[in-house]
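Written below as structure tokens is the structure these notes are about.
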Amino acid sequence: MAGLHKSDVKNPVLNWIDTRLPIITMMNKEYAVFPTPKNFNYFWNFGALATVALMLMIVTGVFLAMNYTPDGGMAFDSVERIMRDVNYGWLLRYAHANGASMFFMVVYIHIFRGLYYGSYKTPRELLWMLGVVILLLMMATAFMGYVLPWGQMSFWGATVITNLFSAFPIVGGPIVTWLWGGFAVGDPTLHRFFSLHYLLPFVILAVVFLHVAALHITGSNNPLGIDVKSPQDTLPFHPYYTVKDSVGLCVFLMVWAGFVFFAPNFFGDPDNYIQANPLQTPSEIVPEWYLLPFYAILRSVPNKLGGVCMMFGAILVLFVLPWLDTSPVRSAKFRPLYRIFFWVLAVACVALAAVGAHRPEGLWVVLGRVATTYYFLHFLVILPLLGKIERPLPLPESISQPVVPRGGGPLPTAATAKPMEKP
Amino acid sequence: MSATAPTHDHGHGPELAGGKRDFLKLVASAGAVIAIGAIAWPLIDSMNPAADVLALSSIEVDLTPIVAGSGITVAWRGKPVFVRHRTDKEIKEAQDVPLGQLIEPEADSARVKAGHDQWIIVIGICTHLGCIPLGNKPTDPRGDWGGWFCPCHGSQYDTSGRVRHGPAPLNLTLPPYAFETDTKIKVG
Amino acid sequence: MRAALLAAALLLGSIAVAPAYAADDEAEMPHETWSFSGPFGTFDRAAAQRGFQVYKEVCSNCHSMKEAYYRNLDGIGLSEEQVKAIAASVSVPTINDDGEPAERPALPSDHFRSPYPNEKAARAALNGALPPDLSVIVKARQGGPDYVYGILTGYADAPATMKMGSGMYYNKMYPGHQIGMPQPLQADQVEYSDGTKATVEQEAHDVVTFLTYIANPEMEQRKRAGVKIILFLAMLTGVTYAVKRRVWSDVH
């Protein structure tokens, strides 16, 4: 395969580069003329938004690290110095802290979009699994980042989460000591969390690259969930989707800025403005909102090891989702029964988040168990059966066909293929 | 999955009313550039000296405890500043040197504040390679010209902080300072 | 439509989670009107300056405020000379030329002096209680300024049914109602030079304004920038959407 690339680029300098390293040809092929289904709704913005969120998190994080000190005695003060003395330090920190919430919000919507429109189904199984890897990495990164300000919630959150590993018999204790680098969360723990918190985003970036590479092999799914059949079904990515993503990006940045400038501590916990104190636990330990559902699953199981296994299982089950869902039809638009269960799942996840935010007492315990049960039932039992029981609605002929004859026709559902689209 | 380029790409077609569209695009692009600049500036500015650094960028020095013939070193912006109380003999030596003998000719009057001839205030960093010269304490070696002596490569400065013997090429730098009262200066 | 529903459900869900953090406490949170609330709020300089007086004469006897500097006082409208004089009236520990611990007048570039050299000294002097640092106290309590105001004005006689611990005081606002801090503010505890009557409520209001400034010295700059940025982004959204409409106008 060795040999110079025959470049079509006109500019001689760029042509010289492109002949030796065809990045311009590649960028043009993958991002400019790349054929993309023409019927995306605005939910297809969220992948691009997540990429931008990752970039902004890395950039603000790099500059924050220039002023942060990962030392038990100095971390809290160094964060306050960033807030008070570093030029625009408050902006960097608030953008970064709220950015974690924004990143998860966007990624969760991205995931639920994938669930609704069956984006995980063949041939996009690997694409989906890479996405789950990104989610796992994000959770680890966010957790370690939350420890860095070294407030009370940082310290006790780190204590509780690392203690999860003690649930494993025999190896549990040594693993926890190894994670801590001592006999409690302390200075060595903070140092290594800082190191890993700086490293993991670049690992995420690498997996995102693979995620996008896989996407460009299979091509995107679309709201109808049917394959692209002809060039009539697609549009070049640029300018159609670059401009559409830009609209979403502006709105996204506006939401982000709204929190940063006007409610910067909305997602934060007041206890994290109290310096870590190893001798005093806050009255209530609550993780950040994006981890609440998993925290609720953990607490819903009365057995320690069982809870830990269920919590990890809640994510692991997503890896095998492409094989659990036996229906050949992708989009929920044509799956009347699945659509109902999808919404039940969404409600169950929100309920779990609410459960995670409350003390495990009374009705919250019951609700937590019901929602946890449904979560696993949904993936392990309902989805495999549904593919066999459900009678899907007739699928449209092609992506471009249902759009042309407006109203009437044999496929009434397909006429609303672009619900968010203004004609 | 078809990878054929679409045939109906009239996105750039001239048949559209180009003027308005181009103007809109221009505004949007300008907006994007401004947005990127607005994101970049706080990042860049965060690397400039922070408020706590700037708060220490000017210091006040009380001169009363410094007896004639000795000097003190104060830290200013992370650098040593030599504040030296010269004797009448040292002042006279500094003033009487013919400028032709100097490596970097500069009159003593240009290196002290008028009316405060007894105070020479210089940044204590050798202009050769950045070592800190000796000579503030009366017990330090002060070199043949009675000012400062750099232990690294033997540069020597006179009582006005002017280099008299190489390898240093330039006189000791003067920090910005002013007399607030006769016995108090503000550096920076 | 269904898609919009999904977004709405998820967004509502996440917002529904937020208030769940609120401690299920019995006391009712006071709702003071603060000069600094809202997207255009600024600190009432006169109140903040009176609040500083309360802090200096009352709070600072026991509470540290170690993250803040004397130079931060310029943000409540004090001049450079006033700040210098305030700093110089306090002496801070230093090491003298002989290497011995000594004291020197503070400079505007110094952190606020802590009343006790360390936690153990504070506990030893205060019946085992540790007064929390006040640098970010307003951000470190659920309810923020309203809560701190509630504590300062929440002292009352304990109900007869309640058994109080020794050295503890009854406070309506405090979780559990037993607080180690004796009532810090009394009527006319301080004498305001601008003639404002120093009621407990007035003193509490003023000192909370000051403490909110100390916890968020960037707030005014942040909100000013935020208004501009939101307006700019709203405009950019409009323009981008118009471009999008035009680009897509030929797609059927």
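Chains as they are written, first to last, in this note's numbering: chain A, 6 to 428; chain B, 485 to 672; chain C, 545 to 796.
All C-beta atoms, glycine included, are put in the ideal place defined by N, C-alpha and C.
Exposure label - residue i; buried when at least 16 CB within 10 Å
i, result
"Lys788 of chain C", "buried"
"Asp238 of chain A", "buried"
"Tyr741 of chain C", "Checking the sequence, you will find Lys at residue 741 of chain C rather than Tyr. Exposed, because fewer than 16 other Cβ atoms sit within 10 Å of the Cβ of Lys741 of chain C."
"Tyr785 of chain C", "buried"
"Trp525 of chain B", "exposed"
"Glu366 of chain A", "exposed"
"Arg648 of chain C", "exposed"
"Ile575 of chain B", "buried"
"Pro206 of chain A", "buried"
"Gln285 of chain A", "exposed"
"Trp95 of chain A", "buried"
"Pro617 of chain B", "buried"
"Asn620 of chain B", "buried"
"Arg396 of chain A", "exposed"
"Pro327 of chain A", "buried"
Alpha carbon of residue i to alpha carbon of residue j, nearest angstrom
i, j, result
"Asp232 of chain A", "Ala211 of chain A", "28 Å"
"Met259 of chain A", "His115 of chain A", "19 Å"
"Gly263 of chain A", "Ile774 of chain C", "7 Å"
"Leu678 of chain C", "Ala102 of chain A", "22 Å"
"Ser403 of chain A", "Pro40 of chain A", "15 Å"
"Val352 of chain A", "Phe48 of chain A", "19 Å"
"Asn715 of chain C", "Met609 of chain C", "23 Å"
"Leu257 of chain A", "Thr56 of chain A", "One detail in the question is off: residue 257 of chain A reads as Phe in this sequence, not Leu. Rounded to whole angstroms, Phe257 of chain A to Thr56 of chain A spans 12 Å at the Cα level."
"Arg129 of chain A", "Ser251 of chain A", "26 Å"
"Phe633 of chain B", "Gly553 of chain B", "16 Å"
"Leu9 of chain A", "Glu588 of chain B", "60 Å"
"Ser12 of chain A", "Val18 of chain A", "11 Å"
"Ile345 of chain A", "Trp185 of chain A", "45 Å"
"Val825 of chain C", "Thr697 of chain C", "The displayed coordinates of chain C run from 545 to 796. Any statement about residue 825 of chain C would go beyond what the structure contains."
"Thr753 of chain C", "Glu764 of chain C", "13 Å"
"Lys664 of chain C", "Pro675 of chain C", "11 Å"
"Val137 of chain A", "Ser336 of chain A", "20 Å"
"Arg118 of chain A", "Phe170 of chain A", "32 Å"
"Leu342 of chain A", "Val783 of chain C", "41 Å"
"Gly555 of chain B", "Arg646 of chain B", "16 Å"
"Ile630 of chain C", "Asp738 of chain C", "18 Å"
Beta-carbon proximity of residue i to residue j, cut-off 7 Å
i, j, result
"Leu398 of chain A", "Phe339 of chain A", "yes"
"Gln602 of chain B", "Arg570 of chain B", "yes"
"Met316 of chain A", "Phe299 of chain A", "yes"
"Arg766 of chain C", "Phe266 of chain A", "yes"
"Leu755 of chain C", "Val680 of chain C", "no"
"Tyr125 of chain A", "Trp133 of chain A", "yes"
"Arg594 of chain C", "Tyr736 of chain C", "yes"
"Asn655 of chain B", "Glu577 of chain B", "no"
"Leu538 of chain B", "Thr667 of chain B", "no"
"Asp690 of chain C", "Glu576 of chain C", "yes"
"Val313 of chain A", "Ala172 of chain A", "yes"
"Asn92 of chain A", "Ser644 of chain B", "no"
"Asp536 of chain B", "Asp192 of chain A", "no"
"Ala163 of chain A", "Val190 of chain A", "yes"
Spatially closest choice to residue i from the options, by CA coordinates
i, options, result
"Ala702 of chain C", "C:Tyr693, C:Tyr718 and C:Gly688", "C:Tyr718"
"Ser658 of chain C", "C:Tyr599, C:Gly688 and C:Lys716", "C:Tyr599"
"Gly66 of chain A", "A:Ala80, A:Tyr99, A:Val138 and A:Ala163", "A:Tyr99"
"Tyr661 of chain B", "B:Gly627, B:Trp632 and B:His600", "B:His600"
"Leu254 of chain A", "A:Asn50, A:Asn33, A:Thr223 and A:Lys34", "A:Asn50"
"Glu745 of chain C", "C:Thr781, C:Ile695, C:Glu625 and C:Leu780", "C:Ile695"
"Pro653 of chain B", "B:Ile528, B:Ala559, B:Leu583 and B:Leu613", "B:Leu613"
"Lys329 of chain A", "A:Met60, A:Leu390 and A:Phe199", "The sequence as given places Leu at residue 329 of chain A; Lys does not occur at that position. Ranking the options by Cα distance to Leu329 of chain A, first place goes to A:Leu390."
Given 8 Å as the limit, is there contact between the region 173-187 of chain A and the region 103-121 of chain A, that is, 3 or more CB pairs closer than that? With the cut-off at 8 Å, the region 173-187 of chain A and the region 103-121 of chain A do not touch.
Please confirm if the region 510-530 of chain B is in contact with the region 542-552 of chain B, defined as three or more CB-CB distances below 8 Å between the two stretches. Touching, no, given that fewer than three Cβ pairs across the two stretches are closer than 8 Å.
Taking contact to mean 3 or more Cβ pairs, one atom from each stretch, closer than 8 Å, check whether the region 200-220 of chain A and the region 301-309 of chain A are in contact. The region 200-220 of chain A and the region 301-309 of chain A do not touch, with fewer than 3 CB-CB distances between them shorter than 8 Å.
I'd like to know if the region 587-606 of chain C and the region 619-632 of chain C are in contact, where contact means that at least 3 CB-CB pairs between them fall below 8 Å. Segment contact: the region 587-606 of chain C against the region 619-632 of chain C, three or more CB-CB distances shorter than 8 Å; contact assigned.
Three or more C-beta pairs under 8 Å: does that hold for the region 556-565 of chain B against the region 636-646 of chain B? With a cut-off of 8 Å, the region 636-646 of chain B and the region 556-565 of chain B do not count as touching, because too few Cβ pairs lie within range.
Could you tell me whether the region 639-646 of chain C touches the region 707-726 of chain C, using the rule of 3 or more Cβ pairs below 8 Å? Note that the region 639-646 of chain C does not touch the region 707-726 of chain C; fewer than 3 beta-carbon pairs, one per stretch, sit closer than 8 Å.
Three-pair Cβ contact test at 8 Å for the region 72-83 of chain A versus the region 151-158 of chain A: Verdict: yes, contact present.
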